[in-house]
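Contents: one structure, followed by commentary.
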Amino acid sequence: MVAYHDQEWGLPSRDPRYLFEFLILEGAQAGLSWSTVLDRREGYRRVFRGFDPVQVAAFTEVDIEAALLDPGIVRNRAKVLATVANAKAWLALDDPVETIWSFVGGQPIVNERKGMGDIPAVTDEAVAMSKGLKKLGFGFVGPTICYAFMQATGMVNDHLVTCPRWQECQGVRQ
């Protein structure tokens, strides 16, 4: 978890595959600890073909059943089905990156959090993202999941101002 925080969490990204990966991983995390999903990240990458939305959207019932038997992921039928549906919805977007980033006005929201108690579970932007993505056919994208996604991908900088990563995460990874 420390390496994930220190090297990845909160760094703004506009990489479509990375954004798709985190949309899926955050949905998979629903009801579980983040470490449960992070520990299975390589399993998710393997099962969902490197998070290539074209390949995931083409999953057949055989692929879905194989995923549900794979101990490398959380074997939840609703979450696996949502992953396939999300890949299809992702591919239906003209510009998925632009769509995702539109919920924060195209630029990271840089918060100045002083303590862990200052970090909300949901914001208005996350509610808007959730509603917008659901209208577009996405699943497992409730407001809390959307806010965690925004934090993980740097759409929102929620590192505490005392954390060295707060300043570092104001750049954008392409």
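Here the sequence shown is numbered in the numbering used here, starting from 22 and rising by one per residue. We treat Cβ as the ideally placed atom computed from N, Cα and C, and that holds for glycine. Remember, predicted model here, so these are calculated numbers, not experimental data.
CA-to-CA distance, residue j to residue i, given in whole angstroms
{"i": "residue 107", "j": "residue 45", "result": "8 Å"}
{"i": "residue 133", "j": "residue 159", "result": "31 Å"}
{"i": "residue 40", "j": "residue 72", "result": "10 Å"}
{"i": "residue 148", "j": "residue 168", "result": "8 Å"}
{"i": "residue 127", "j": "residue 93", "result": "34 Å"}
{"i": "residue 25", "j": "residue 79", "result": "30 Å"}
{"i": "residue 61", "j": "residue 182", "result": "30 Å"}
{"i": "residue 189", "j": "residue 179", "result": "12 Å"}
{"i": "residue 99", "j": "residue 154", "result": "17 Å"}
{"i": "residue 101", "j": "residue 85", "result": "7 Å"}
{"i": "residue 74", "j": "residue 112", "result": "7 Å"}
{"i": "residue 81", "j": "residue 105", "result": "9 Å"}
DSSP-derived helix/strand/coil call for residue i
{"i": "residue 123", "result": "helix"}
{"i": "residue 151", "result": "helix"}
{"i": "residue 181", "result": "strand"}
{"i": "residue 56", "result": "helix"}
{"i": "residue 140", "result": "coil"}
{"i": "residue 38", "result": "helix"}
{"i": "residue 131", "result": "strand"}
{"i": "residue 114", "result": "coil"}
{"i": "residue 170", "result": "helix"}
{"i": "residue 28", "result": "helix"}
Cβ shell of residue i (< 7 Å), same chain only, five flanking positions each side left out
{"i": "residue 34", "result": "40, 174, 175 and 194"}
{"i": "residue 89", "result": "96, 98 and 101"}
{"i": "residue 131", "result": "178 and 191"}
{"i": "residue 76", "result": "70"}
Residue i and residue j closer than 8 Å at C-beta
{"i": "residue 103", "j": "residue 157", "result": "no"}
{"i": "residue 47", "j": "residue 170", "result": "yes"}
{"i": "residue 129", "j": "residue 177", "result": "yes"}
{"i": "residue 37", "j": "residue 125", "result": "no"}
{"i": "residue 142", "j": "residue 120", "result": "no"}
{"i": "residue 91", "j": "residue 58", "result": "no"}
Close beta carbons around residue i, own chain, < 6 Å, minus the five adjacent residues each side
{"i": "residue 87", "result": "none"}
{"i": "residue 150", "result": "124 and 167"}
8 Å Cβ shell around residue i - same chain, five flanking residues per side excluded
{"i": "residue 135", "result": "181, 182 and 183"}
TODO: Would you list, in sequence order, the uninterrupted alpha helix (DSSP H) runs of no fewer than 4 residues that lie entirely inside the region 44 to 109?
DONE: 55 to 59, 62 to 68, 74 to 78 and 82 to 90
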